[in-house]
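Quick note, the sequences are listed as chains P and Y, same order.
Using this note's numbering, read the first sequence as starting at 1 and increasing by one per residue.
Using this note's numbering, read the second sequence as starting at 1 and increasing by one per residue.
Following: one structure in structure tokens, then a few remarks.
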Amino acid sequence: MTVKEIFETMEYGPAPESAADALAWIVDQGSRFGQFIGGDWTAARGEFHSKNPANGETLADLTQAIPSEIDDAVAAARKAQPGWQGLGGHGRAKYLYAIARLMQKHARLFAVLETLDNGKPISESRDIDIPLAQRHFYYHAGMAQLMDSELPGRVPHGVCGQIVPWNFPLLMLSWKIAPALAAGNTVVLKPAEYTSLTALLFADICTQAGLPKGVVNIVTGDGAVGEMIVSHPGIDKIAFTGSTEVGRIIRRATAGTGKALTLELGGKSPYIVFEDADIDSAIEGLVDAIWFNQGQVCCAGSRLLVQEGIAETFHARLRARMDKLRLGNPLDKCIDVGAIVDPVQLRAVSDMVDASTTGEVYRANVEMPVEGCFYPPTLITGLHPSDRLMQDEIFGPVLVGTTFRTPAEAVQMANNTRYGLAATLWSENINVALDIAPKLAAGVVWINGTNMFDAAAGFGGVRESGFGREGGWEGMSAYTRPATKTKTLTALLPFKGKNTPTDPLDRTAKLYVGGKQARPDGGYSRGVYAPKGALLGHVGIANRKDIRNAVEAAQGAAGWSGTTGHNRAQILYYIAENLSARAGEFAHRLNQMTGKRNGAREVEASISRLFTYAAWADKFDGQTHNVPIRAVALAMREPVGVIGAFCDDAHPLLGLISLMGPAMAMGNRSVLIASEPFPLAATDFYQVLETSDVPGGVVNILTGSHTELAPALAGHMDVDAVWSFSSTDLSKEIESSAAGNLKRTWVNNGQDRDWFGPAGEGRYFLDAATEVKNIWVPYGA
Amino acid sequence: MATAAKTDTQLPQAFEARNPGQALDLDWVLGAQANRSAIERRTASLPGRRSVKKDYQAAWLCRAVSCIDLTTLSGDDTRGRVRRLCAKAVQPVRADILQELGMEGLTVGAVCVYHDMVETAVEALDGTGIPVAAVSTGFPAGLSPFDLRVAEIVESVKAGAAEIDIVISRRHVLTGNWQALYDEMRAFRSACGEAHVKAILATGELGTLKNVARASLICMMAGADFIKTSTGKESVNATLPVSLTMIRAIRDYHQRTGYRVGYKPAGGISKAKDALTYLALMKEELGDRWLRPDLFRFGASSLLGDIERQLEHHVTGHYSAAHRHAIG
């Protein structure tokens, strides 16, 4: 076309970014890559290919890692770890800073390589992925520098195995590697098999930064390699970002191994538009929500909920906006939607959409490229929560939606999902926005904006979107553990007896459910005997139905989570007061059951512990993260929900109160399984609870076999977290059963804990009793 | 007659029914929302998402030239100065460059002057087809007596101005006196008669984007042919967020009434790259129809110089210098 013609048509024309430098880099590496282990490259075998999804061309030949290579990588990481940790915070900070600088210096190379390999528009890799990746290294250089002073008593896990997905290859690598290295861990990271190239370039950067050999190891391959990492005995922590399905497999595979685990999984994030929203901005936000990276975003605002009164105009304007999207060559600087990462993924998206027979389907009226993996931006309205497309993750440029009537209904619909990664809401009314945001079941909430990320603000989900946070102080803590040394516990067995009571007046200990004493469903009891065999009383043997009833009661007490910290503190003080009034009796009971003379001390420690959590109830504040835009990112501490906990066996009262205290203080409801051998202190405690204004259902206590109750409690889909400090090692059972709804777990791995010392209370418990929700609130008059 | 035809193509009614305005609809006005952060994000990310290169860039820059209201609004304007500007309006880009581009005959959209210079400009542009716009109504503050402001319009039209750039009373917006704003605009429109009226909102003095959105809607309801950001005399003039707010109001107005109202960002646009971004913003948010001088103008004095240098670079492959292009 001539200039004169273009002057009339005013078309954009092609604006391609050159691929030359990136392709030259691949050629310089021989177009074949081995594994990056211990600072060196292994011989390339080239069993699989990295392809450009925009045209199907092979970019490089990659090597499927074999078990011996994983062994080598783990060994290299292990060897490097003490030295890396030993460098100290400042020593590590220097390297992280150097990596950040080098990433910045090679920013365009990274961006073009990412786009070639993944198919995302160059404008996104250039303006979002790569700058954010750099930012993570800068931010965590600072974390390394401050770790010694700000995280006293915490040490790195050791060797971290990290598995990242193909949708943000370098960015997810950065989210994993930067905090791990900052904390003093070394890593073995596997990029996704579709998109390994920027990870391999990153390996090159590590060499250029002079990073000590073995601190970062990159291994390539498919899910089989991921499995090798997950199951490798030499790895201390696994961090995974990917599908919920694989996350569940990893949860089961690592159960009981003592490996720490964080999972960042799928989502079906709601995008809520209230009638008073800036509609045009909310529509533009959808472009960044669901057509960003072709919708291949775990936190994509993929479920549109529009207030009924504005739905018609909203949808009409949205369709008009969709027609303005430009699909095509991802290297073109004028493209909004690039290529789907692989033909397999493209088929999965179209199969899922084609299988749906409900709703009104609108495909953007845009020019489609003739070759490559492309899917048109799609809107499906008029769906209902019962439709599969409203529940399951599509992971493509497909937005599904329905309408709501009131703020309460918006919350109900938004939370009607197994996932809980992110949520977006649009309203110009601060009252509506700040009321709704905390009510949404999500780890991240964006108000009047979407897909805002920063290293300073934690990212991660609740429910089946996984657990753990990446970014911020909360993300840093996931790469550290307390420095305390522990000893292996031996299972404490109940004393056997001769069936003669010490006191002929029978006192029947029942279960404590919903604020009432309840007989065990099964109708069985067992005797509790003193060390010398005297019968001290009987306790009910709870079964799975008692678990069901207790969880139901706990769910029914949801109001507790909405009470004020001050109020919760008052009740905890009151419990302490009432326990104190009966201190002698409890001390006697403890001595009687255990045959020791520690009772008085344990009661005193329990009263002190209640004071500790009463104190914390209104002081465990959230944070305002310092994000680099005009916004506040509020990191709010929210209760986890319903916590099931197996209490320490050896300290029948202190063990119980040490778990009940933080759970209550942070607004959780709990189902506590009392000390198995010495349950009578817990059953005596019912009366203390009953006289202390504890609302029914906030605390539920069961007695029975830990081993028998563990699968029912850990497998319950309406329990949000399970903790175990039982002397019977339930870790494997609990972590494995927890995979069902991916509930949070905190288990002792059969190790002891000093319940009287600093390890018995404090921030670690409070962290476990809360989720951090990051609420982004951009503002501007 | 050729003159008249050319002039008409620059004005809205050449292809479009002129916006007649409508009754003040306060429900609509007060329902307008403008979220500053979201609007800023959109405008900040747009230049990274839209890019025109090579011949396309040259063509787009020529398009920008065709939409310029070449302006002089200085106390020291003289007849000689205005004639020089008009000469530049007729030949905005060096002839050899235009020839190379195949864009001979390219002119700016209009010449914009104070009332006293209207006659001179009309005379100087006679036969070129380039309309003369007059700033009016006590420009730039708009605080002279109301009947004098109306009379000023009438005088300028009589002197031959085809377009009148009026300034609204900012105080009506700042105090929420929407009826007064509507009535004032109605009176100005009526005084313009056949001349086209551009409503200058002086957005730098309206305080919030929501006020910008509301004032935009009211001026359109009262019959504005164009809405324009600024006088160029406020401390903050045209910005992308303000532009996005105004053109979304134009889109809303078009969707509801069927009438197309034009847009003119003025002040602060001095780089060729900025002009491309504005054109992309118009194309994305309003569509190609708004990329022509009958619906889009740049109020600018120094923008043309940068475009000339870029066009010479396009043609020769060498970076240019200001002194190689005629001053206006």
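For glycine and all other residues, C-beta sits at the position ideal for the given N, C-alpha and C.
Query                                                                                                                                                                                                   : Result
State the DSSP-derived secondary structure class of HIS196/Y, mapped to helix, strand or coil.                                                                                                          : strand
In this structure, does DSSP put TYR479/P in helix, strand or coil?                                                                                                                                     : coil
Rounded to the nearest angstrom, what separates ILE436/P and VAL306/P at their Cα positions?                                                                                                            : 14 Å
Counting only Cβ pairs nearer than 8 Å, list the residues of chain P close to MET103/Y.                                                                                                                 : VAL3, LYS4, PHE7
Hey, which unbroken runs of the beta strand (DSSP E) at 3 residues or more fall wholly within the stretch 256–288 of chain Y?                                                                           : 262–264
Which residues does DSSP list as the beta-bridge partners of TYR512/P?                                                                                                                                  : GLN517/P, ILE701/P
Return the first residue and the last residue of the alpha helix (DSSP H) that THR43/Y is part of.                                                                                                      : 36–49
What's the C-alpha gap between GLU360/P and MET452/P?                                                                                                                                                   : 30 Å
Should ASN499/P go down as buried or exposed, given a rule of 16 or more other Cβ atoms within 10 Å for buried?                                                                                         : exposed
Could you tell me how far apart the beta carbons of PHE202/P and LEU181/P are, in whole angstroms, since I believe they sit closer than 8 Å?                                                            : At roughly 12 Å, the Cβ-Cβ gap does not stay under 8 Å, so PHE202/P and LEU181/P are not in contact.
Give, in chain order, every unbroken run of the beta strand (DSSP E) that is at least 3 residues long and sits entirely within the stretch 196–235 of chain P.                                          : 216–218
For the stretch 325–363 of chain P, which segments carrying the beta strand (DSSP E) assignment without a break, of at least 3 residues, lie completely within its bounds, in sequence order?           : 360–363
In whole angstroms, what is the alpha-carbon distance linking HIS136/P and ALA509/P?                                                                                                                    : 55 Å
Work out the CA separation of GLU275/P and ALA408/P for me, nearest whole Å.                                                                                                                            : 14 Å
Hey, out of PRO131/Y, ARG260/Y, ASN19/Y, GLY127/Y, whose CA is closest to GLY287/Y's CA?                                                                                                                : ARG260/Y
At a Cβ cut of 7 Å, what residues of the stretch 278–302 of chain Y count as close to chain P, listed as they run along the chain?                                                                      : LYS283, GLU284, ASP288, LEU291
How about ASP648/P and SER606/P: are their beta carbons less than 8 Å apart?                                                                                                                            : no
Tell me whether the stretch 734–748 of chain P and the stretch 590–606 of chain P touch, counting them as touching only if at least three CB pairs, one residue from each stretch, are closer than 8 Å. : no
If you count every other CB in all the chains shown that lies within 10 Å of the CB of ALA681/P, and 16 or more means buried, which is it?                                                              : buried
For TRP426/P, name the three-state secondary structure that DSSP assigns.                                                                                                                               : strand
Output the boundary residues of the alpha helix (DSSP H) element that contains PRO67/P.                                                                                                                 : 67–86
Buried or exposed, going by whether 16 or more other CB atoms sit within 10 Å of the CB of MET786/P?                                                                                                    : Since the first residue of chain P shown is 1 and the last is 781, residue 786/P is not available in this structure.
Check whether chain P comes within 8 Å of CYS330/Y, counting only Cβ atoms and requiring the distance to be less than that.                                                                             : Any answer about residue 330/Y is impossible in this case: the structure gives chain Y only from 1 up to 328.
Are the CB atoms of PRO482/P and TYR138/P within a distance shorter than 8 Å?                                                                                                                           : no
Could you tell me the boundaries of the beta strand (DSSP E) in which CYS112/Y lies?                                                                                                                    : 110–113
I want to verify the contact list: residues of chain Y whose CB lies under 8 Å from the CB of ASN217/P, in sequence order.                                                                              : Neighbours of ASN217/P on chain Y: none; closest Cβ ~35 Å, over 8 Å.
Find out if the Cβ-Cβ distance for the pair VAL65/Y, ILE130/Y is shorter than 8 Å.                                                                                                                      : no
For chain Y, is any of its Cβ atoms less than 8 Å away from the one on ALA277/P?                                                                                                                        : yes
Look at the alpha carbon of GLY285/P and the alpha carbon of LEU425/P, and state the distance between them as a whole number of angstroms.                                                              : 10 Å
Output the boundary residues of the beta strand (DSSP E) element that contains HIS538/P.                                                                                                                : 535–540
Who are the neighbours of LYS120/P on chain Y, taking C-beta pairs under 7 Å?                                                                                                                           : Ordered by position in chain Y, no residue passes the 7 Å Cβ test against LYS120/P, which lies about 13 Å from the chain.
Could you confirm whether any beta carbon from chain P is found closer than 8 Å to the beta carbon of SER51/Y?                                                                                          : yes
Tell me, to the nearest whole angstrom, how far the beta carbon of GLY667/P is from that of PRO695/P; I am working on the premise that it is less than 8 Å.                                             : Rounded, the Cβ-Cβ distance is 12 Å, inconsistent with contact.
Starting from the C-beta of LEU200/P, find all residues in its chain whose C-beta is less than 6 Å away, skip the five residues before and the five after it, and write them out in chain order.        : PHE33
Rounded to whole angstroms, what's the CA-CA distance from ALA133/P to LEU434/P? Just pull it up for me.                                                                                                : 30 Å
Strictly under 8 Å for the Cβ-Cβ distance: is PRO778/P near chain Y by that measure?                                                                                                                    : yes
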